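Notes to accompany the following structure.
In this note's numbering, the protein residues as written are 0 to 280.
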């Protein structure tokens, strides 16, 4: 499971503020002379909210004593028009941090919402939904965290966590068996081994190699059915490739352990949130 790293969050915020306001918010600095203000975060569409801690961290990095009056918790289901939080700080703090804070939480809430829809479609099937490494560079930890908030599971964080042999590895080594042998010579049983297979012959080779996880990549339902019969509990089984909200329930009866989807991160839209009702107090 991915946990948020506060040092990483602070570094992201520093980079974001340098990018957006290297010399401060010039308009706000001209208009406001030390006045305090309040603003509400409003949901403009239904979804799953994610990003409470980074939202707070953006404003707190600008003004340590910023106050937040939350009406919801992380992972809450939200509805259009709902007030999620009221933020109180200097007016310049609120307007300087507004866009950066929204960019983070709209992205994370979009991923959590997309994940939740997929998880809901798989409800009562026994299949767990996992993410992939198809994430925004520099934002992987945050995006994988959003998958967890949406009810999904994290696949490996990166290339150093799990040995996954894909088509290029297998082709370069001359097949699954020699690829697995090379890996075990280099890293004898220190990490689990997953192999991506595209046909039933490769399933048999993966079983012969006694790998831990077999990924069925872009297989038809008929092929997956036969593959699962051959595997018969001897490895964890993951399916990936061309699996969507519309067809995922067709796989419910097969006995898969996991489905992995890159779309829940790389193709998730933002969740429309807005900061409204700004007032000087």
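C-beta: ideal position from N, C-alpha, C; glycine also. Computed from a prediction, not measured in an experiment: that's the story for all the values here.
Output needed for residue i: all residues of its chain with C-beta closer than 8 Å, excluding positions within five of it in sequence on either side, in chain order.
i           : result
residue 223 : 215, 238, 250, 253, 255
residue 3   : 52, 53, 140, 141, 144
residue 64  : 88
residue 227 : 236, 253, 254, 255
So residue i and residue j are supposed to be a Cβ contact under 8 Å. How far apart are they, rounded?
i           : j           : result
residue 164 : residue 195 : 7 Å
residue 190 : residue 161 : 6 Å
residue 15  : residue 48  : The Cβ separation is near 20 Å, so there is no contact.
residue 303 : residue 100 : Nothing about residue 303 can be reported from this structure: the residues present for the chain run from 0 to 280 only.
residue 169 : residue 182 : Going by Cβ atoms, the distance from residue 169 to residue 182 rounds to 11 Å, so no, they are not a contact pair.
residue 235 : residue 204 : With 8 Å as the limit, residue 235 and residue 204 do not qualify as a contact, their Cβ atoms being about 17 Å apart.
Going by DSSP in three states, residue i sits in which element: helix, strand or coil?
i           : result
residue 68  : strand
residue 161 : coil
residue 85  : strand
residue 128 : strand
residue 62  : coil
residue 242 : coil
residue 187 : coil
residue 214 : strand
residue 48  : coil
residue 78  : coil
residue 250 : helix
residue 177 : helix
residue 277 : strand
Taking the Cβ atom as the reference point for each residue, do residue i and residue j lie within a distance shorter than 8 Å?
i           : j           : result
residue 80  : residue 41  : yes
residue 85  : residue 62  : no
residue 152 : residue 121 : no
residue 149 : residue 124 : no
Among the candidates the options, whose CA atom is the shortest distance from the CA of residue i?
i           : options            : result
residue 110 : 145, 3, 86         : 145
residue 68  : 83, 159, 120       : 83
residue 213 : 230, 221, 219      : 230
residue 306 : 260, 232, 169      : Nothing about residue 306 can be read from this structure; the chain reaches only from 0 to 280.
residue 5   : 50, 210, 64        : 50
residue 241 : 72, 278, 262       : 262
residue 103 : 78, 9, 233         : 9
residue 138 : 264, 269, 278, 277 : 264
residue 258 : 55, 131, 206, 107  : 131
residue 133 : 179, 35, 267, 275  : 267
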